[in-house]
Amino acid sequence: RRAWIVGESIPTTIAESRWQGVGQAGIAFRTMELSNNNTLWPDTIQADHPMSHLETLTKKLSEKTELPALLTGIPQRPRIKPHHYFQKFHTQLLSKASLQAALLIAHGALRAFFPYFSTVGDRIDERLEETLKTATSTTLDDVTARNILRRFGESIKDGHCFVNYRGRSSAKGFMLVELDKLNGKPVIRRTAHTELKVGDTILSINHVSAEKWFTEEYKRTSAATPGYQFDMAARELNRMFGPVVLKLQSVDGDTRTVTVQPQPYEAYSKFAQKPFRPAGFLKDLHAEDVMYVDLDNKAIDQTDFNAVIQMMQNAKSLVLDMRGYPNRTSWQLLQHIATNPLPSPLFSTPEWKGPSDLRRSESSYDLQALTPVFKGPVAFLIGPRSVSSAEHVSTMLKQINRVTFVGRTTAGTNGNITGLVLPGLFTFTFTGMEILYRDRKPFHGIGIVPDIEVSPTPQDLAQGKDPVLQKAIEFLKKP
Numbered sequence: 001r002r003a004w005i006v007g008e009s010i011p012t013t014i015a016e017s018r019w020q021g022v023g024q025a026g027i028a029f030r031t032m033e034l035s036n037n038n039t040l041w042p043d044t045i046q047a048d049h050p051m052s053h054l055e056t057l058t059k060k061l062s063e064k065t066e067l068p069a070l071l072t073g074i075p076q077r078p079r080i081k082p083h084h085y086f087q088k089f090h091t092q093l094l095s096k097a098s099l100q101a102a103l104l105i106a107h108g109a110l111r112a113f114f115p116y117f118s119t120v121g122d123r124i125d126e127r128l129e130e131t132l133k134t135a136t137s138t139t140l141d142d143v144t145a146r147n148i149l150r151r152f153g154e155s156i157k158d159g160h161c162f163v164n165y166r167g168r169s170s171a172k173g174f175m176l177v178e179l180d181k182l183n184g185k186p187v188i189r190r191t192a193h194t195e196l197k198v199g200d201t202i203l204s205i206n207h208v209s210a211e212k213w214f215t216e217e218y219k220r221t222s223a224a225t226p227g228y229q230f231d232m233a234a235r236e237l238n239r240m241f242g243p244v245v246l247k248l249q250s251v252d253g254d255t256r257t258v259t260v261q262p263q264p265y266e267a268y269s270k271f272a273q274k275p276f277r278p279a280g281f282l283k284d285l286h287a288e289d290v291m292y293v294d295l296d297n298k299a300i301d302q303t304d305f306n307a308v309i310q311m312m313q314n315a316k317s318l319v320l321d322m323r324g325y326p327n328r329t330s331w332q333l334l335q336h337i338a339t340n341p342l343p344s345p346l347f348s349t350p351e352w353k354g355p356s357d358l359r360r361s362e363s364s365y366d367l368q369a370l371t372p373v374f375k376g377p378v379a380f381l382i383g384p385r386s387v388s389s390a391e392h393v394s395t396m397l398k399q400i401n402r403v404t405f406v407g408r409t410t411a412g413t414n415g416n417i418t419g420l421v422l423p424g425l426f427t428f429t430f431t432g433m434e435i436l437y438r439d440r441k442p443f444h445g446i447g448i449v450p451d452i453e454v455s456p457t458p459q460d461l462a463q464g465k466d467p468v469l470q471k472a473i474e475f476l477k478k479p
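Under this note's numbering, residues 1 to 479 are what the sequence shown spells out, in order.
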């Protein structure tokens, strides 16, 4: 649409800007570029008729038969360019001032982009005040500063809230251990230390009771469900700042005290490559017609995918293990068990078009079934470490009631991660996308609750048994 401009000529940058009040003053900033057919408007929008001669306007309008000419001129104002600063750190100096700045930036980003305040509650103002005071009154090093940022992040109850220090860490090495919470206590699930045994219960850490140690860690561990909060807190034990004294109780009830020495990163990286059961029929578990597939990205990448799909056609029933993290091949396999299109959740992303112009972009998609389709019963294994993309897979299957979930409740955390680079060489992340079921029921903090709940015991771990897999077989073999 075209019109005559009556009044005063104005700079185009004013029309391209938004105003935000700040106290008794304010700030104007450009949020757009005005253009016509991809050509920028000139720097000044000229008035067609001055306000001082308003009495002649009616006569002139009646005489005009054509609209005024389009604005012309070569603009000199700078273009608006996107800035990609995520890998560019602010001041590298770790100080009370830089930590306070980091907290303020994290608070502002959460206020603008965190989508789950209505779900988890809004505590970030109070937590900001608390952590700013702590930052002022505490002697800082990288560990203390990181824990203060973690304490702030705990307020949002988000399993995607990770705080990392990109500078030279004071950590001396790593503990090669993976823990599980069984009967309310930390139990060793995997380890590469000879002095530790799978199935051992940790009673104390550096002469502090394990209960007290975890209680303190929970105060600065952000997560949406209790199971995943334990897992996130337990990972802090992997980062070692010197030898760690552990008091342990074996599955036989005997107690002992050991000192664990820090191991180099190379050893930790190797330990992180978890062993997996190859895809195939479970003959060793007396289930010759039940096929097992581990959907973890490391496992399925090392398997002949086409052979697995063909093998599935000879199975009576299927066990899919999603206690790891999927990759693209995992998604493709799921399309071969889909008897209906697989509906994604609803994705809702906050988009700021200006200081007071918040909009939400919603989207979803469907994955179509691929042939050949396996139509038999499927047991789907889940647990507290099933998080994010693993839960995304699970929600799609849940929405078409295609599988029976066996195991423990998942992490309750899905959606794209938003990341911040903060002063002092810290990074801070959180979930920036709201995930809902297609019927708009919430997912965050709930996760996938299993149809058949199964938890291992310390004795199961010590004996190398997998009761979740065994329960799935038992369910599938029922007449």
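Even for Gly, the Cβ is constructed at its ideal location relative to N, Cα and C.
Residues in its own chain within less than 6 Å of residue i by CB, not counting five upstream and five downstream?
{"i": "Val403", "result": "Val378, Phe380, Leu397"}
{"i": "Tyr228", "result": "Gly159, Pro384, Ala411"}
{"i": "Asn238", "result": "Phe174, Met175"}
{"i": "Lys185", "result": "Thr201"}
{"i": "Pro82", "result": "none"}
Beta-carbon within less than 8 Å of residue i's beta-carbon, same chain only, minus the 5 sequence neighbours each way: which residues are those?
{"i": "Ser394", "result": "Met322, Phe380, Ile382, Ser386, Phe405, Thr410, Ile448"}
{"i": "Gln335", "result": "Leu342, Leu367, Gln368, Ala369, Leu370"}
{"i": "Glu236", "result": "Glu217, Thr221"}
Using the C-alpha atoms, what's the distance from residue j back to residue i?
{"i": "Leu203", "j": "Thr371", "result": "52 Å"}
{"i": "Arg328", "j": "Ile10", "result": "53 Å"}
{"i": "Asp366", "j": "Ala462", "result": "42 Å"}
{"i": "Thr191", "j": "Val260", "result": "11 Å"}
{"i": "Phe347", "j": "Met433", "result": "7 Å"}
{"i": "Asp284", "j": "Asp466", "result": "13 Å"}
{"i": "Thr12", "j": "Pro78", "result": "12 Å"}
{"i": "Phe271", "j": "Pro423", "result": "32 Å"}
{"i": "Ser137", "j": "Lys181", "result": "35 Å"}
{"i": "Pro350", "j": "Ile80", "result": "21 Å"}
{"i": "Met291", "j": "Glu178", "result": "27 Å"}
{"i": "Gly167", "j": "Asp289", "result": "53 Å"}
{"i": "Val251", "j": "Ser155", "result": "36 Å"}
{"i": "Arg150", "j": "His286", "result": "47 Å"}
{"i": "Trp4", "j": "His49", "result": "8 Å"}
{"i": "Leu248", "j": "Ser330", "result": "38 Å"}
{"i": "Ser35", "j": "Trp41", "result": "5 Å"}
Answer with buried or exposed for residue i, where buried requires no fewer than 16 other C-beta atoms within 10 angstroms of its C-beta.
{"i": "Asp231", "result": "buried"}
{"i": "Gln273", "result": "exposed"}
{"i": "Asn314", "result": "exposed"}
{"i": "Pro278", "result": "exposed"}
{"i": "Gln263", "result": "buried"}
{"i": "Thr339", "result": "exposed"}
{"i": "Gly242", "result": "exposed"}
{"i": "Asn414", "result": "buried"}
{"i": "Glu391", "result": "buried"}
{"i": "Met312", "result": "buried"}
{"i": "Ala135", "result": "buried"}
{"i": "Val163", "result": "buried"}
{"i": "Ile124", "result": "buried"}
{"i": "Gly407", "result": "buried"}
{"i": "Asp304", "result": "exposed"}
{"i": "Arg256", "result": "exposed"}
Does the beta carbon of residue i sit closer than 8 Å to a beta carbon anywhere in chain C?
{"i": "Gln249", "result": "Given the protein chain composition of this structure (a single chain), no chain C is represented."}
Measuring alpha carbon to alpha carbon, tell me which residue in the options is nearest residue i.
{"i": "Ile446", "options": "Ala224, Val373, Ile309", "result": "Ala224"}
{"i": "Glu388", "options": "Ile400, Pro326, Leu99, Leu333", "result": "Looking at the sequence itself, residue 388 is Ser, so the reference to Glu does not match. Selected option, being the one with the closest Cα: Pro326."}
{"i": "Leu104", "options": "Thr431, Gln459, Asp460, Leu420", "result": "Leu420"}
{"i": "Gly73", "options": "Gln46, His90, Leu99", "result": "Gln46"}
{"i": "Val143", "options": "Gln249, Phe114, Pro115, Met240", "result": "Met240"}
{"i": "Tyr268", "options": "Ser361, Lys172, Val258", "result": "Lys172"}
{"i": "Pro115", "options": "Glu126, Thr418, Pro345, Asn401", "result": "Thr418"}
{"i": "Tyr265", "options": "Glu211, Asp43, Ser169", "result": "Ser169"}
{"i": "Glu16", "options": "Leu94, Pro345, Phe29", "result": "Phe29"}
{"i": "Pro450", "options": "Gly199, Asn401, Val22", "result": "Asn401"}
{"i": "Glu474", "options": "Leu282, Arg440, Lys441", "result": "Leu282"}
{"i": "Ile435", "options": "Leu246, Lys88, Thr119, Ser356", "result": "Thr119"}
Excluding five sequence neighbours on each side, which residues of the same chain lie with their C-beta closer than 7 Å to the C-beta of residue i?
{"i": "Leu469", "result": "Val319, Leu381"}
{"i": "Ala233", "result": "Phe214, Glu217, Tyr218, Thr221"}
{"i": "Leu128", "result": "Leu103, His107, Phe152"}
{"i": "Tyr352", "result": "Going by the sequence as given, residue 352 is Trp instead of Tyr. So the qualifying residues of the chain are Ala112, Leu358."}
{"i": "Gln100", "result": "Leu132, Ala135"}
{"i": "Ser455", "result": "Leu182, Arg408"}
Item to complete: Please specify which runs of the beta strand (DSSP E), each continuous and at least 3 residues long, are wholly inside the stretch 283-333, giving them in chain order.
Response: DSSP assignment within the stretch 283-333 yields the following whole beta strand (DSSP E) runs of 3 residues or more, N-terminal first: 287-294, 317-321.
Item to complete: Taking only runs that begin and end inside the stretch 10-59, name each unbroken alpha helix (DSSP H) of 4 or more residues, in chain order.
Response: Within the stretch 10-59, the complete alpha helix (DSSP H) runs of at least 4 residues fall at 12-15.
Worksheet item: Which runs of the beta strand (DSSP E) spanning at least 3 residues fall entirely within the stretch 235-280, listed in chain order?
Response: For the stretch 235-280, whole beta strand (DSSP E) runs of length 3 or above, ordered along the chain, are 244-249, 255-260.
Worksheet item: What are the complete beta strand (DSSP E) segments, minimum 3 residues, inside the stretch 142-189?
Response: Restricting attention to beta strand (DSSP E) runs no shorter than 3 residues, the stretch 142-189 encloses them at 163-165, 177-182, ordered along the chain.
Worksheet item: Along the chain, which unbroken stretches of the beta strand (DSSP E) at least 3 residues long are found entirely within the stretch 429-477?
Response: DSSP runs (the beta strand (DSSP E)) wholly in the stretch 429-477: 434-436.
Worksheet entry | Completely contained beta strand (DSSP E) runs for the stretch 201-231, where each covers 3 or more residues | Residue ranges of uninterrupted beta strand (DSSP E) with 3 or more members, entirely inside the stretch 201-231 and ordered along the chain, are 201-205.
Discussion item. At 4 residues or longer, what runs of the alpha helix (DSSP H) sit wholly inside the stretch 382-426?
Written reply: Complete alpha helix (DSSP H) runs here, min 4: 389-399.
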